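Going down the list, the protein sequences come from chains A and B.
Each residue of the first sequence is one higher than the last, beginning at 1 in this note's numbering.
Each residue of the second sequence is one higher than the last, beginning at 1001 in this note's numbering.
Glycine included, C-beta positions come from ideal geometry on N, C-alpha and C.
The structure displayed is predicted, hence computed values, not measured ones.
Number of protein chains: 2
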Amino acid sequence: MTHKTHDTCQIKCINPERIARTLRGMDASSDLAGLADIFKMLGDVTRVRILKALFLEELCVCDIAAVLEMTQSAVSHQLRLLRGARLVKYRKEGKAVYYSLDDDHVKTLFDQGLEHVQQG
Amino acid sequence: MTHKTHDTCQIKCINPERIARTLRGMDASSDLAGLADIFKMLGDVTRVRILKALFLEELCVCDIAAVLEMTQSAVSHQLRLLRGARLVKYRKEGKAVYYSLDDDHVKTLFDQGLEHVQQG
DNA sequence: TTATTATATGAATAAATGCTCATATATTCA
DNA sequence: TGAATATATGAGCATTTATTCATATAATAA
C-alpha cells in the first residue's frame, strides 16, 4: 500500500495534451483517498456480514459472533473499525453492548461514493 | 482474510431467538462475499485514481502512469485487476493500449452494492 | 468481597496486497 | 533484419490486515 512513488514516469508519453487535461480534472476532484477508504471499509466479508446482520436486527456482540460463527474477539475487532467509520452505533445494556446500523451515515457514504465515481 | 474459523462461538448467547431470526435473514441474502469483493476492488487509492482519470478521458497506459506519477508497471498491474472486474475496457492502437471506463458495468456494480446494503 | 459474564484490546502470526525490478511480448520503424 | 517503443507479467519484498490468544475492563450476581 505505501511504497511511495519517488520518480515520475520515465516513458515518453503519447499525448501530453490529454495528460494535462486529465490532470486538471483530477485536481478538481477532492478526496480520492478518502473515497477509497470508504470502499476499503466495505471491502471485507466479515464486515459486510456484520452490516447485513445489523440491517436485519439490533444485536449484541456475542449474538453477532454466534450468527457469523466467529469468535467474540474477531467480531469485536471488526466492530471497532465499523464504529470508527461510524457505520454502526451502539448502546449498553448491563454487561451487553447492542450494535445497530448507523443508517444515516451508511446512506451518506453510499451517496458520496456513487456521486464521486459516477460523475466526478 | 483467510484464517478459517474452526469452532463455533463458545459464549452463552443472550438471545437465541434473535440469532435464529437473523440467521434466516442472512441465508436469504445471496452473495455477501461477492459484494465485499466489489468494494475491495474500489478500496484502493491507485485504482480509484485510475477510474477517475478514465472517467475524464480515454487514456493509454503511459498516459495514466504520467497522470498518477507512477511507474508503467504499477499501473499495468492495477489495470489487470480492473480489467478482471470489468470496470475498464480497452482497445489497441499500434503499440498503445487505450483504456476507458466500462460505464455500464461500473453502474451495475454500484447499483448492486447500493441495493444489497440498503435493503437486503 | 469474589466469581461470573460480556466486551475490548494489545501482541503475535499468517495471509493478502501493492509496488519494484527484471524480463517477456508485441508493434512500429529504420 | 534489428532497434526502439508500449505494454504485460512473474518473482521478490515490504506493508497491511484479519485473525487468534491472552488479558484487561466493566457490570452483575452470589
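Cβ pair residue i, residue j closer than 8 angstroms
i       : j       : result
R18/A   : E1057/B : yes
A1074/B : I1064/B : no
R1080/B : L1068/B : no
Residue i versus residue j - alpha carbon distance
i       : j       : result
D37/A   : R21/A   : 26 angstroms
L1101/B : S100/A  : 36 angstroms
D1027/B : C60/A   : 20 angstroms
L1051/B : Q1072/B : 16 angstroms
R24/A   : D104/A  : 33 angstroms
R1047/B : L1082/B : 8 angstroms
A1096/B : K1089/B : 14 angstroms
G84/A   : V106/A  : 13 angstroms
C62/A   : D1031/B : 24 angstroms
N1015/B : Y98/A   : 12 angstroms
G1094/B : H1077/B : 21 angstroms
M1070/B : S29/A   : 19 angstroms
A66/A   : F55/A   : 16 angstroms
V1150/B : V45/A   : Past the edges of chain B, shown from 1001 to 1120, lies residue 1150/B, and the structure says nothing about it.
Cross-strand partners of residue i (DSSP beta bridge)
i       : result
L59/A   : Y99/A
E1093/B : A1096/B
V88/A   : L101/A
Where residue i falls, given that 16 or more other Cβ within 10 Å makes a residue buried
i       : result
G1034/B : exposed
G43/A   : buried
R1091/B : exposed
V1040/B : For the sequence presented, residue 1040/B should be read as Lys rather than Val. Classification for K1040/B: buried.
Q1118/B : With a pLDDT of 49 at Q1118/B, under the threshold of 50, the modelled position of that residue is not reliable, and the figure given next carries that caveat. Exposed.
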